[in-house]
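Chains as they are written, first to last, in our numbering: chain A, 5 to 285; chain B, 11 to 355; chain C, 3 to 272. Don't be surprised by glycine CBs; every beta carbon is placed ideally from N, CA and C. Structure record follows, encoded as structure tokens.
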């Protein structure tokens with residue numbers, strides 16, 4: 005039944021639309037086209053990246069992505085834990101899960117742009133937030149067009165990707181493991197720090213990998229919330245590709261981004277050796 | 011027994027450089043209940059899968075009613091299989107599972123109906139037609155798996171450890187039922203198991219296998235009483251196996267004790283394996299028997315006591331209805347025809 | 003008992019605040035979608051004018067149509083390619099080859115959307131396929147297929163290989179055996195894979211942004227480019243409609259898979 009030939013359309017497709025395009029990126033990254041249209045090998049696209057301006061953009065992006073990941077964990081982990089606890093208790097009693105997870109995920113399914121648009125109307129200088137504050141007699145907040153707004157948008161956009169993997173690991177923790185820990189004399193706090201948290205690390209790690217890279221590259225969020233004045237590496241790549249002369253530099257940036265992504269994923273893998281799920285992401 | 015139904019000639023099978031079957035020669039007769047017996051990994055299941063058509067032999071030939079089976083796909087063979095984990099179709103109910111093969115044969119719905127009912131009666135599950143597979147117990151699933159296979163009236167029914175997943179009591183009941191079913195239906199059963207008791211209870215012929223080779227083919231009584239080598243003896247029932255020297259015909263020496271036996275045809279002073287069944291050893295007061303020892307442990311087994319007797323470091327396993335206390339000195343006696351002498355393998 | 007009550011009280015407050023964070027913006031949008039004036043802070047009375055405007059905006063409806071048709075075609079195509087591929091991948095005995103294929107399959111999921119988008123754009127520009135509906139579709143199928151494979155593969159691994167053999171043993175030809183025995187078993191995986199593909203396609207912005215052109219927009223791109231020109235309450239109306247559609251869709255999926263955990267597309271994504 006498992007005829008290898010059945011996978012060939014997929015493999016051909018992948019070669020055409022994934023491998024070949026990646027190859028092109030490499031080709032562009034290591035070449036320049038002169039006026040006559042001939043290609044020549046060069047490293048100048050990469051050298052250009054080491055100008056202080058670009059390094060600063062990279063640091064900025066990493067900082068924003070890092071902050072977003074941290075907030076996603078701080079906000080998402082307790083939520084995932086509370087829902088998973090309740091669902092596990094119900095499933096143990098033979099009932100259906102609460103469906104609370106569904107509520108957390110639902111906004112994710114609405115169009116990404118509409119989601120961001122919703123915050124736009126709130127954060128605008130004359131938006132809901134400020135009219136609410138002035139109603140209370142408080143000073144106006146100028147969040148819009150700041151780093152805070154970008155982080156807020158990123159967290160809002162990606163928090164389901166942190167909650168889901170943590171939840172799916174927590175829900176699978178065997179109750180007997182927790183009972184065993186209690187039996188051995190661990191109190192609730194100890195059970196959490198010594199048993200539940202280590203067991204849920206695979207979920208946290210896949211959450212981090214699912215949030216960090218997109219946060220690094222989601223140029224549309226910083227476009228939305230900073231009106232384009234706040235450059236992230238994603239914006240830089242986007243700008244360079246939308247302009248035909250920037251494509252060589254854009255390709256080099258893409259490669260740097262990929263290396264960065266694979267490195268951070270590798271670090272995560274080492275950090276979390278036992279996590280088999282990592283192979284999926 | 012009738013003519014040869016299936017014949018294996020010099021069959022070899024290799025998987026990724028591992029030889030699973032080595033030069034198998036075997037024939038299976040009509041109406042025979044043949045059991046392939048051996049530990050896991052001995053190639054017995056592969057042999058069965060070759061008959062079913064899920065594997066092709068690497069070399070050699072398999073004939074069915076005189077015609078070569080090579081290249082005949084599984085769905086065209088006149089054999090059906092009862093799978094180890096039943097492989098019942100979980101999305102179909104009992105009726106549709108059993109009718110699966112009949113639908114393919116394009117029988118009329120009336121005929122299918124009567125056949126399904128008849129076979130359900132045969133496996134004692136009348137009225138289970140519309141039950142889902144998930145709602146059945148292990149034993150019931152087992153019966154449905156058998157029903158699904160025999161409803162197609164195969165020439166040969168292949169059974170791959172069909173009782174392995176059942177508990178002891180159910181297993182013993184099913185053993186008898188299977189044997190009766192085979193007699194009633196008059197079809198050949200090829201049965202794979204690693205359970206020697208099961209093999210002894212049900213089979214007409216037992217094929218003992220080890221690492222891809224056939225060790226012995228014979229009737230249950232022959233295999234039990236006249237094992238060809240120490241491996242077979244050990245596999246078929248518990249045995250005491252000890253090295254000895256054949257002094258001359260009908261006299262063997264073990265542990266510096268000469269014992270009379272009935273075996274002949276060995277060279278003088280040839281090194282041999284001596285096999286003695288635990289129930290063939292008599293345990294007596296000291297000085298009454300030939301071999302002396304100390305009782306090391308006693309376990310009550312329902313009908314008899316199982317005792318371990320330490321005799322100069324060798325632990326004899328003895329089954330006897332008389333009980334001796336742990337630590338007491340005893341002696342052992344074996345009748346000459348209960349001593350089995352085997353060439354060293 | 004008292005302690006437990008306190009704990010669940012704190013938990014409820016936390017959940018409430020989280021839901022507030024997630025839904026407050028959406029609720030605000032919904033409320034102001036019925037506002038008669040063009041403001042997101044002052045209420046000028048009830049009106050459905052933004053809904054009327056939305057349904058008469060041809061560009062918006064066009065983008066909506068593109069989004070839906072692309073999502074349907076991409077979901078169906080990736081479903082066929084992905085299911086076949088998953089079955090084929092199971093046929094590879096060599097561990098190394100299997101690992102390589104899985105690595106290639108996972109590439110679109112692990113590598114950044116941005117890189118996927120720009121690299122495909124470069125491909126289309128290089129082989130001179132004009133950017134538009136067709137390239138958008140190709141791109142969407144490309145990023146959908148791996149998700150179908152990932153959701154079908156576990157079902158195939160779980161599948162008792164004996165079932166297929168049992169069908170052959172009972173006289174079924176290979177294709178019949180596949181259709182009658184294997185397909186019903188892996189169907190939940192195929193369907194959830196298709197749903198993931200559908201929703202990913204509907205929601206996608208980054209890859210679409212780079213692989214479309216010539217005025218062909220999907221909803222995300224259309225909103226992206228017009229919102230930057232300023233707030234328009236029409237999008238409030240659109241958000242309300244989308245949110246209700248999503249809620250209905252999720253409700254149906256939840257009903258379908260509530261009995262079997264792990265079959266829901268959320269489970270696969272997580």
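Each of A:200, A:208 and A:117 was checked against the Cα of residue 230 of chain C, and the nearest Cα belongs to A:117. Of all residues in the region 126-142 of chain A, those with a C-beta nearer than 8 Å to a C-beta of chain C are 126, 128, 130, 131, 132, 134 and 135, reading in chain order. Residue 189 of chain C has its alpha-carbon roughly 52 Å from the corresponding atom of residue 48 of chain A. About 12 Å separates the beta carbons of residue 237 of chain B and residue 210 of chain B, which is beyond the 8 Å limit, so they are not a contact pair. Nearest in C-alpha terms to residue 203 of chain B, of all of B:218, B:311, B:194 and B:190, is B:218. With contacts defined as CB atoms closer than 8 Å, residue 62 of chain C and residue 238 of chain C fail to qualify as a contacting pair.
Contact between the region 135-155 of chain A and the region 175-183 of chain A is not established, with fewer than three Cβ pairs separated by less than 8 Å. Around the beta carbon of residue 101 of chain A, a 10 Å sphere encloses 16 or more other beta carbons of the protein chains shown; the residue is thus reported as buried. Look at residue 29 of chain A: its C-beta is under 8 Å from a C-beta on chain C. Uninterrupted alpha helix (DSSP H) stretches at least 4 residues long and entirely within the region 97-144 of chain A occur at 104-113, 116-127 and 132-139, given in chain order. Between residue 162 of chain B and residue 107 of chain B, the beta carbon gap of about 12 Å keeps them out of contact (Cβ cut-off 8 Å).
Not a single CB atom of chain B sits nearer than 8 Å to the CB of residue 73 of chain C. Secondary structure remark: continuous beta strand (DSSP E) runs of at least 3 residues inside the region 84-142 of chain B, in chain order: 89-92. For a cut-off of 8 Å, the C-beta gap from residue 90 of chain C to residue 8 of chain A is around 5 Å, short enough to register as a contact. Contact check between the region 176-195 of chain C and the region 109-121 of chain C: fewer than three CB pairs, one atom from each, fall below 8 Å, which does not count as touching.
Using a Cβ distance threshold of 8 Å, residue 109 of chain B and residue 148 of chain B do not count as a contacting pair. Within the same chain, and ignoring the five residues on either side of residue 66 of chain C in sequence, the residues whose Cβ sits closer than 6 Å to its Cβ are 221. Annotation: Cβ neighbours of residue 241 of chain A in chain C (cutoff 7 Å, chain order): 116 and 120. The straight-line gap separating the alpha-carbon atoms of residue 252 of chain B and residue 264 of chain B is approximately 8 Å. CA-CA distance, residue 79 of chain A to residue 251 of chain C, rounds to 27 Å. For residue 236 of chain B, the secondary structure class from DSSP, reduced to helix, strand or coil, is coil. Shown here, residue 45 of chain C sits in coil according to DSSP, grouped into three states, outside any helix or strand.
Residue 266 of chain B has no beta-bridge partner at all, per DSSP.
Excluding its 5 nearest sequence neighbours in each direction, residue 174 of chain C has C-beta neighbours in its own chain below 8 Å: 182 and 183, listed in chain order. Counting C-beta pairs closer than 8 Å gives three or more between the region 229-243 of chain A and the region 51-61 of chain A, which meets the contact rule.
Within the region 5-67 of chain C, complete alpha helix (DSSP H) segments of at least 4 residues are found at 51-57, given in chain order. The shortest C-alpha to C-alpha distance from residue 154 of chain C to any of C:125, C:253, C:199 and C:170 is the one to C:199. Using a Cβ distance threshold of 8 Å, residue 278 of chain B and residue 339 of chain B do not count as a contacting pair. Here residue 56 of chain B has 23, 30, 31 and 65 as same chain residues with Cβ atoms under 7 Å from its own Cβ, once five neighbours each way along the sequence are excluded.
Take the alpha-carbon of residue 37 of chain A and the one of residue 109 of chain A: they are about 46 Å apart.
Taken through DSSP and simplified to helix, strand or coil, residue 170 of chain B comes out as strand. Boundaries of the beta strand (DSSP E) around residue 17 of chain B: 14-25.
Judged by DSSP in its simplified three-state form, residue 323 of chain B adopts coil rather than helix or strand. An exposed status is given to residue 191 of chain A, since fewer than 16 other beta-carbon atoms sit within 10 Å of its beta-carbon. Pairing residue 200 of chain B with residue 168 of chain B gives a Cβ-Cβ distance under 8 Å. Residue 330 of chain B is bridged by DSSP to B:315.
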